[in-house]
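Line order of the protein sequences matches chains D and B. For what it's worth, our numbering labels the leading residue of the first sequence as 71, then goes sequentially. For what it's worth, our numbering labels the leading residue of the second sequence as 71, then goes sequentially. Glycine included, every Cβ here is placed at the ideal spot set by N, Cα and C.
Number of protein chains: 2
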Amino acid sequence: MDQQIRALLSRAESVAVVSHIRPDGDAIGSLLGMGLALLHAGKKVQLVLQDGLPQKYDFLPGSEMVQRSIKAPFDTLIVVDCSDLERTGVVLQGQGSPDLVVDHHKTNLAFGRLNYVEPQAVATAAILVEKLPVWGFEVDREVAACLLTGILGDTIGFRTSNMSPQALRIAADLMERGADLPMIYQKTLLSRSIAELRYWGRGLTNINYEDGLLWTTLTLDDRIKAAYPENDDADLINLLSSASDILVVVLFIEQADGKVKVSWRSAEGIDVSQIAFEFGGGGHAAAAGADIIGSLENVVEIVLTKTKSLLGDRKVN
Amino acid sequence: MDQQIRALLSRAESVAVVSHIRPDGDAIGSLLGMGLALLHAGKKVQLVLQDGLPQKYDFLPGSEMVQRSIKAPFDTLIVVDCSDLERTGVVLQGQGSPDLVVDHHKTNLAFGRLNYVEPQAVATAAILVEKLPVWGFEVDREVAACLLTGILGDTIGFRTSNMSPQALRIAADLMERGADLPMIYQKTLLSRSIAELRYWGRGLTNINYEDGLLWTTLTLDDRIKAAYPENDDADLINLLSSASDILVVVLFIEQADGKVKVSWRSAEGIDVSQIAFEFGGGGHAAAAGADIIGSLENVVEIVLTKTKSLLGDRKVN
């Protein structure tokens, strides 16, 4: 596999790299890290995120290159951090299969011609740290900053239940290559806009809790009242999952298109990806999501029923 | 130095280990880690913290051994994570100099007979990870859990400006020796009650912002609605002061006794302690507080007027 990928990337002259809608730290870090490694090796590169780059990642090298659609011909298509083609949005409609998919989601559908999928990796960016040199590319100072952003994002600052000694060592290597850990941590995980904090306030005020199951909602009205400009949860899920005595956290985000974005987080030993999958979504055992058609009220009801039946008689320790 | 320490600890039969008042993660982790390493090598051990062990550290191995004073004779005295003797409180009064001091504060006064002080280390616990084996002791699973607690505490989860690649690698080693990073992180740095989160929600929903000045209120009613049992802010001020584009944060907490507890936080170069002082309170340039008699409404008004006049024409960058 490594040899095939190396050959593919060596041949490539003009590459489009794409990641997922509502991009998070790992989507962005992997996209920019992969893109800059190719660029610094003399390739032409397009970096595509359908939803564009959230402002707080502006400081990253290569951020100014991100575009919302494919704008020019390319000979090689790479998709990073996506378990299926739908996760990229509509930017790849009519483009055929990606030449290479690099991902760490265990639900990955292997939708590329070559698929490098490592479910044990804490982040797609962590895979790239190890594999870019194997595939013939340098992890320089700029690439290192992007990839550390990805690892910090998906491990929420080295604290998710899948954290490994290897992930810490990879981060140490990236620091030595010049990535400024405290600065990246501050900018991507800590710094919050006033609108985000107000929006969190609405979600936190509405918390419900029952036998280890915590859930809350973010409505369209909450978003308007808080003047929060995005259609996501502003990472509220991470704060919620830090609550004590939690087995599962579910967050419902009402969308303007008649759907509800649902995010699950779970304690060790509880696999929420199976529920997400039933609702047409995906993810990992400990962190999963789905976009579900229906009113907020109805989606809350059916999702809570399913989630409670997954928990069964399980009790908080 | 290592040889002298090794000889000292080899001779020791009964050891008292002491750390500082108002103990934090590194004081506790270093105390327990050092103590358990000695205990597991067959020594008698007393572990002493004048203020006892905060409840959230209860889960750590050896936590049940912590006592608030010296209770029995000992032949060897070790002080960890203290820059001077005063930091231990009064537990060592009349005991003479410690035989060994292990610390990472650059202000350390070298008040022991032997002093192992490494100001570059991110935590005293990080020194012990490297030195315990050199001094003849094993970093077993229990010791590893304690020492990782110390590192996480002093680096606030690997994010302080002094973070080093070495600190990440040390943490990786501790994970491999059996320390459960996600669990320790959760218990010592994150764990928030549902009531705290709901209470935060009310404060965040009410955020006001004007030209770099952010303020919000927590009313008695908020406290009741959230079922929050304390009369403080549940550390909400720390979250507020992580907001972007902030010069000063002011938090007003309505009290049952007709007072309002006011907390200020400020960006570098703005001294809020002078305002706090005018209202009968005190603190530091960047963090100050006062208890002010009056209705919430009135206190908000007079405090904001004073605070705005301190800011004058200052603008957010």
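Nearest-angstrom Cβ-Cβ length linking residue i and residue j, presumed shorter than 8 Å
{"i": "B:Trp270", "j": "B:Ala304", "result": "6 Å"}
{"i": "B:Leu251", "j": "D:Met233", "result": "5 Å"}
{"i": "B:Gln165", "j": "B:Gln137", "result": "That pair is no contact at about 15 Å."}
{"i": "D:Val160", "j": "D:Ile140", "result": "Between D:Ile140 and D:Val160 the Cβ distance is about 11 Å, and since that is not below 8 Å, they are no contact."}
{"i": "B:Asp121", "j": "B:Arg92", "result": "6 Å"}
{"i": "D:Gly352", "j": "D:His175", "result": "6 Å"}
{"i": "D:Ser336", "j": "D:Ala356", "result": "5 Å"}
{"i": "D:Ser80", "j": "D:Gly206", "result": "6 Å"}
{"i": "D:Ser231", "j": "D:Glu338", "result": "5 Å"}
C-beta atoms of residue i and residue j nearer than 8 Å
{"i": "B:Ala82", "j": "B:Asp173", "result": "no"}
{"i": "B:Ile221", "j": "B:Ile197", "result": "no"}
{"i": "D:Leu321", "j": "D:Thr286", "result": "yes"}
{"i": "D:Ile148", "j": "D:Val87", "result": "yes"}
{"i": "B:Val373", "j": "B:Ala358", "result": "no"}
{"i": "B:Asp224", "j": "B:Val192", "result": "yes"}
{"i": "D:Val171", "j": "D:Asn185", "result": "yes"}
{"i": "B:Ser261", "j": "D:Ser314", "result": "yes"}
{"i": "B:Ala265", "j": "B:Ala214", "result": "no"}
{"i": "D:Ile340", "j": "D:Leu317", "result": "yes"}
{"i": "B:Asp302", "j": "B:Arg272", "result": "no"}
{"i": "B:Arg268", "j": "D:Leu274", "result": "yes"}
{"i": "B:Val386", "j": "B:Val332", "result": "no"}
{"i": "B:Leu245", "j": "D:Pro235", "result": "Note on residue identity: the sequence assigns Met, not Leu, to residue 245 of chain B. Yes; because the gap between Cβ atoms is below 8 Å, this pair is in contact."}
{"i": "B:Asp210", "j": "B:Arg157", "result": "no"}
{"i": "B:Ala326", "j": "D:Leu238", "result": "no"}
{"i": "D:Leu78", "j": "D:Leu101", "result": "no"}
As assigned by DSSP and simplified to three states, the class of residue i
{"i": "B:Tyr279", "result": "strand"}
{"i": "B:Val118", "result": "strand"}
{"i": "D:Asn178", "result": "coil"}
{"i": "D:Arg262", "result": "strand"}
{"i": "D:Asp210", "result": "coil"}
{"i": "D:Phe322", "result": "strand"}
{"i": "B:Asn301", "result": "coil"}
{"i": "D:Leu288", "result": "strand"}
{"i": "B:Gln137", "result": "strand"}
{"i": "D:Leu306", "result": "helix"}
{"i": "B:Ala142", "result": "coil"}
{"i": "D:Ile372", "result": "helix"}
{"i": "D:Pro252", "result": "helix"}
{"i": "B:Glu83", "result": "coil"}
{"i": "B:Leu267", "result": "helix"}
{"i": "B:Pro14", "result": "Past the edges of chain B, shown from 71 to 387, lies residue 14 of chain B, and the structure says nothing about it."}
{"i": "D:Asp72", "result": "helix"}
Cβ neighbours of residue i in the same chain (closer than 6 Å, five flanking residues each side left out)
{"i": "B:Lys114", "result": "Ser84"}
{"i": "B:Gly21", "result": "Missing from the structure shown is residue 21 of chain B; chain B here goes from 71 to 387 and no further."}
{"i": "B:Pro124", "result": "none"}
{"i": "D:Val187", "result": "Asp173 and Asn178"}
{"i": "D:Ala391", "result": "This structure leaves residue 391 of chain D out entirely; chain D is present only between 71 and 387."}
{"i": "D:Glu212", "result": "Leu106 and Pro131"}
{"i": "B:Asp94", "result": "Gly223"}
{"i": "B:Ala249", "result": "Ala214, Ala215 and Leu218"}
{"i": "B:Met135", "result": "Leu117"}
For residue i, the residue or residues it bridges with in DSSP
{"i": "B:Val88", "result": "B:Val118 and B:Val149"}
{"i": "B:Ser234", "result": "The partner list for B:Ser234 (beta bridge, DSSP) is empty, contrary to what the question assumes."}
{"i": "D:Ile362", "result": "D:Val330"}
{"i": "D:Ser336", "result": "D:Val318"}
{"i": "D:Val187", "result": "D:Asp173"}
{"i": "D:Gly353", "result": "D:Ala358"}
{"i": "D:Ala313", "result": "B:Arg262"}
Same chain, Cβ closer than 7 Å to residue i, neighbours up to 5 away in sequence not counted
{"i": "D:Leu179", "result": "Ser153 and Asp154"}
{"i": "B:Leu366", "result": "Thr287, Thr289, Phe322, Glu324 and Val330"}
{"i": "D:Ile277", "result": "Leu284 and Thr286"}
{"i": "B:Gly227", "result": "Tyr255 and Leu259"}
{"i": "B:Thr377", "result": "Leu283, Val318, Val320 and Ile345"}
{"i": "D:Gln74", "result": "Leu184"}
{"i": "B:Gly182", "result": "Val149, Ser167, Pro168, Asp169, Leu170 and Val171"}
{"i": "D:His110", "result": "Glu208 and Asp210"}
{"i": "B:Glu280", "result": "none"}
{"i": "D:Met253", "result": "none"}
Cβ shell of residue i (< 8 Å), same chain only, five flanking positions each side left out
{"i": "D:Gly350", "result": "Ala360, Asp361 and Ile362"}
{"i": "B:Lys126", "result": "Lys257, Thr258 and Ser261"}
- Message: Under 7 Å, CB to CB, which of the residues in the region 236-249 of chain D have a partner in chain E?
- Response: Among the protein chains of the structure shown, namely D and B, there is no chain E.
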